[in-house]
Amino acid sequence: MKSPLKNEINKIKDVISFGMPAHKGKNFFDLDIKSDLTEILDTDNLLNPRGAIKDLHLEIKKIFGSKESFMTTNGSTGALHIAISMATSSGDKILIQRNAHKSIYNALLLNDLDPIYLNTIYDENRAMYFGIDQEELKYKIKKNNIKACVLVSPNYFGGILKLKEIVKILHDNDIAVIVDEAHGAHLYFSDLKKYSAIEVGADLVINSTHKMIPSLTQTALIHRGTNRFSHDELLKFINIYNSTSPSYLFMLSIEAGLKYMDEVGRFELKNRIEDIESLKREINYNLDLSHDSIIALDPMKFIFRIGNMSGEEVLKDFLKNKNIRLEMGDLYYALALISPINSKAEIEKLKDAILSYKNNEYKEISPLKIEIPKRKMMPKKAFLARGEYLAYKDAKGRISKEIIAAYPPGVPLVSFGEIIDDKIIESIDRFLNEGIEIIGLHEDKIEVVK
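Numbering (full-length UniProt numbering), first residue to last: 1 to 450.
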């Protein structure tokens with residue numbers, strides 16, 4: 001047997017990483033293969049914790065200030081499915097930010113939910129998505145019998161919502177609040193903790209530990225931020241969605257990562273923030289990423305532009321010529337995702353890489369606002385309907401059976417049950433021409449309802 005995956009990974013494993021996971025490929029954990037165990041007498045059971053895992057959950061609860069915290073080994077995807085299934089029943093209306101992660105859209109199928117989408121505010125001058133309009137939120141609550149709402153904070157680019165105000169609006173209308181805080185576990189170890197989802201009273205909160213805290217990929221936490229849902233309800237749905245063979249290596253990495261953050265990482269986080277501020281001064285950083293719809297920016301998400309290059313071009317050139325792996329690049333911006341494990345020396349190399357380019361005028365921004373299409377069918381009904389594949393250029397007026405999204409930024413152009421229109425086809429054309437990946441296309445074909 002050949003080893004194509006190992007061979008491919010060996011080509012890139014020695015690069016400087018400014019992408020996920022947060023451990024950056026450094027030998028951080030000292031995990032022993034003999035620790036890869038199953039639920040035996042002395043190791044406890046994640047699906048019914050009574051011993052060491054229960055004790056670890058209590059330690060996590062103290063750090064995050066939750067009513068209760070659980071580890072999950074199915075990533076934030078599994079944790080979001082747990083939360084949404086807890087908060088809704090078949091046919092319920094659920095408010096979702098349009099820039100939500102694909103796993104949240106997939107939860108619509110699992111629970112046969114009726115989504116009401118909240119537009120993500122798009123700034124045409126900067127070609128960037130920010131927060132939500134609270135007046136739109138109030139309007140959609142008034143017009144619909146909403147059972148739950150899923151918010152995203154911080155977003156991929158580090159924008160932190162005005163959660164305290166938004167949570168109050170939702171709770172005043174007896175709506176359960178779920179926050180996808182996958183990108184924000186590190187906030188609890190910084191001065192930004194006051195803007196975190198648990199701190200402002202969200203009911204269910206999900207953190208990916210591997211994104212910004214050093215733990216293995218696929219590790220996550222789910223928290224009860226209030227008593228709206230009980231311990232028994234949470235444990236019941238964890239048993240449905242989590243693997244019955246959870247990895248002890250995953251759980252040990254969560255424990256190691258949180259121990260590091262609690263004892264050392266919170267200080268390294270502060271040091272890296274200072275390093276990033278120094279980097280910005282030295283490169284004459286001039287991007288304004290503030291907006292009225294967000295209360296703060298995560299400083300560990302360093303967004304930058306280089307001359308007339310697209311973010312995707314920067315991403316590829318850094319990996320090929322600078323031995324630096326960035327997190328992502330879009331039509332205009334590149335993103336370096338910096339964790340406490342990155343060193344000052346690595347940030348210096350990032351600075352040198354940026355300064356090595358001749359920074360001419362930035363590429364002119366040509367706005368591409370993604371409007372929410374009209375929906376013709378419930379998501380689950382569309383997903384299960386008989387389908388056929390059409391070239392995307394020939395799919396105008398047809399109902400999509402799946403999500404089509406440019407990644408990044410990941411905001412769906414069209415979702416389950418929605419009608420494909422000229423704007424969507426034009427947007428696909430443009431993203432493909434710029435070298436941006438389109439999720440949901442199959443050799444330039446879209447699956448539509450037959």
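For each residue, glycine too, the CB sits at the ideal point set by N, CA and C.
In this structure the segment 276-296 touches the segment 153-169; the number of beta carbon pairs closer than 8 Å is three or more. In the DSSP secondary-structure assignment, G387 is bridged to V449. M71: member of the beta strand (DSSP E) spanning E68 to T72, first to last residue. Across the set K396, P412, D394 and K393, the C-alpha of P412 shows the shortest separation from the C-alpha of E402.
Boundaries of the beta strand (DSSP E) around G159: G159 to L161. DSSP places R430 in the uninterrupted alpha helix (DSSP H) bounded by D422 to N433.
Beta-bridge annotation (DSSP): V152 is paired with D180. Within the model, the alpha-carbon separation for F302 versus K450 is close to 44 Å.
In this chain, Q134 is not harboured by any beta strand (DSSP E); it is covered by the alpha helix (DSSP H) spanning Q134 to K143. Under the criterion of beta carbons closer than 8 Å, V150 and I178 qualify as touching, at roughly 5 Å. Your pair M86 and F229 checks out as a contact, with CB atoms roughly 6 Å apart and the cut at 8 Å. DSSP places P115 in the uninterrupted beta strand (DSSP E) bounded by D114 to L118.
For P49, the CB contacts under 7 Å within the same chain, skipping 5 residues up- and downstream, are H57 in chain order.
Annotated three-state conformation of M128 is strand, per DSSP.
According to the DSSP secondary-structure assignment, S17 is paired through a beta bridge with R325.
Going by C-alpha positions, L113 is about 15 Å away from R98.
Per DSSP, the continuous beta strand (DSSP E) segment holding H223 begins and ends at A220 to R224.
Straight-line spacing of the CA atoms in I425 and F189 works out to 44 Å.
Sequence-distant Cβ neighbours of Y332 in its own chain, meaning closer than 7 Å and more than five residues away, are A127, R305, S310, G311, K363 and I365. Within the same chain, Y389 come within 8 Å of H442 by CB-CB distance, once the 5 residues on both sides are set aside. V448 sits buried, since 16 or more C-beta atoms from the chains shown fall within 10 Å of its C-beta. No Cβ-Cβ contact shorter than 8 Å links L204 with H210. Here the alpha carbon of K344 sits roughly 18 Å from the alpha carbon of N27. For S76, the enclosing alpha helix (DSSP H) has its first and last residue at G75 to A87. Per the C-alpha coordinates, the member of E418, G435 and I436 positioned closest to I446 is E418. Boundaries of the beta strand (DSSP E) harbouring Y407: I404 to Y407, taken from the DSSP string. For the pair L192 and G184, the Cα-to-Cα distance works out to about 10 Å. Each of D123, I82 and K423 was checked against the Cα of I372, and the nearest Cα belongs to K423.
Between K376 and I399, the C-beta gap is smaller than 8 Å, which places the two residues in contact.
Residue environment analysis places K380 among the buried positions, since at least 16 neighbouring C-beta atoms fall within 10 angstroms of its C-beta. Pairing A22 with A391, the inter-Cα distance amounts to about 39 Å.
As a beta-bridge residue in DSSP terms, I294 pairs with L161.
Straight-line spacing of the CA atoms in K67 and I254 works out to 19 Å. Per DSSP, N10 is one residue of the alpha helix (DSSP H) stretching across P4 to I12.
The Cβ atoms of L221 and T72 sit closer than 8 Å to each other.
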